[in-house]
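Peer 1: My questions will all concern the structure given below.
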Amino acid sequence: MPLIYPAICVVAVIVVIATVRAVNKSRRESREKYGEKQAEKIRRWQEKQADKIKYWDNILKIHPEDDSEVGRMSRSYAWQQKGVALEKLGKYEEAFECYDEALKIWPESRSALQEKADALKKLGRYEEVIECYDKALRIDPEDDFRWRYKADALKKLGRYEEAVECYDRALKIKRDDAYTWDGKGDALKELGRYEEAIECFDRALKIDPKSYGALKGKVDALNELGRYEEAVECYYRTLGLGLSYPSAKEELAKAKRAKLAKQVEDKKAEIIADIIAKIDKELGE
């Protein structure tokens, strides 16, 4: 009988090892299949973009010398769409050539300028992004979106004063844009103009009470001003709205820590002041 138990244990160990190996093999095969499926999806997507490039090439061959307004607009659009397909394939330089061709044919094409600007943003070439928006704004100075986009690009380059000016231009055209108020508040915050920044964030929140960017920006500005109670209340408001932003709790904890640190410093100052007062009193006696 005693010999049975070791045998059972050996069998159990063998079964467990076999099960683990089977599970690992199944997982490995699942990962491989998933990888194959993803690779197939990417291949099909790339083929789709290549087909689009061929399609727009064929369109460009149909009326290559059509100089009518409709003909020029059509050819400009075809170059633009070919550029979009090339950009999606990561062929940025070829895409830029297409956007430039589109603009050569139809210089007033704001959509081609926007596509080129978006591609330049992905490469972090913000100086050139600004050039695109400057051209678009020469075509239509009342385009609030391009003023806002230009401001965003200026902010990326740390040119906050200029960014504020561009946000102001956008707000003169359209006052009720939460994103623009938020962007202006962020630029002012970077300049250390925290009171003005809070006013902007409040304007953004009046338009869109669930604007995470404005709520976070306001908390940061309040913390910088040492207004920790308000900062905590602001993030309680965020959590109360049911916003599922992962950093909300972290920011709330940060605000609470800052508040606690200030309370500790205030208490230390109070204790030191009391000690000095007692010493002065004893010396005076």
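Counting from 1, position 143 in the sequence shown corresponds to residue 124 in our numbering; the numbering is continuous, with no gaps. Beta carbons are placed, not taken as given, at the ideal position from N, Cα and C, and that holds for glycine.
What do you get for residue 56, buried or exposed, if any count of 16 or more other CB atoms within 10 angstroms of its CB means buried?
Peer 2: buried
Peer 1: Would you report the Cα separation of residue 136 and residue 144, rounded to the nearest angstrom?
Peer 2: 6 Å
Peer 1: Judging by CA-CA distance, which residue of 74, 100, 34 and 218 is the nearest neighbour of residue 59?
Peer 2: 34
Peer 1: So, with DSSP's three-state summary, where would you put residue 201?
Peer 2: helix
Peer 1: Rounded to whole angstroms, what's the CA-CA distance from residue 85 to residue 30? Just pull it up for me.
Peer 2: 24 Å
Peer 1: Given a cut-off of 9 Å on the beta-carbon distance, is the pair residue 148 and residue 129 in contact?
Peer 2: Yes, they are a contact pair.
Peer 1: Touch check for the segment 150 to 167 and the segment 175 to 184: three-plus C-beta pairs under 8 Å?
Peer 2: yes
Peer 1: Is residue 57 helix, strand or coil when you go by DSSP?
Peer 2: Of the three classes helix, strand and coil, the one that applies to residue 57 here is helix, per DSSP.
Peer 1: Starting from residue 183, trace the alpha helix (DSSP H) in both directions and tell me its first and last residue.
Peer 2: 175 to 188
Peer 1: Express the C-alpha separation of residue 151 and residue 126 in angstroms, rounding to a whole number.
Peer 2: CA-to-CA, the gap between residue 126 and residue 151 works out to about 7 Å.
Peer 1: Inspect the CB distances between the segment 61 to 68 and the segment 94 to 109 and report whether three or more fall short of 8 Å.
Peer 2: yes
Peer 1: Can you tell me where the alpha helix (DSSP H) holding residue 282 begins and where it ends?
Peer 2: Residue 282 lies beyond the range of the chain shown here (-18 to 266); nothing can be said about it.
Peer 1: According to the neighbour-count rule (16 or more other Cβ atoms, all chains shown, within 10 Å of its Cβ), is residue 4 buried or exposed?
Peer 2: exposed
Peer 1: Could you spell out where the alpha helix (DSSP H) holding residue 89 opens and where it closes?
Peer 2: Here residue 89 belongs to no alpha helix (DSSP H), and DSSP marks it neither H nor E.
Peer 1: I believe residue 216 touches residue 239 by the beta-carbon criterion, under 8 Å. Please report the beta-carbon distance rounded to the nearest angstrom.
Peer 2: Their Cβ separation, rounded to whole angstroms, is 12 Å, which puts residue 216 and residue 239 out of contact at 8 Å.
Peer 1: Quick one: grab the DSSP three-state call for residue 67.
Peer 2: helix
Peer 1: According to the Cβ coordinates, are residue 120 and residue 89 closer than 9 Å?
Peer 2: yes
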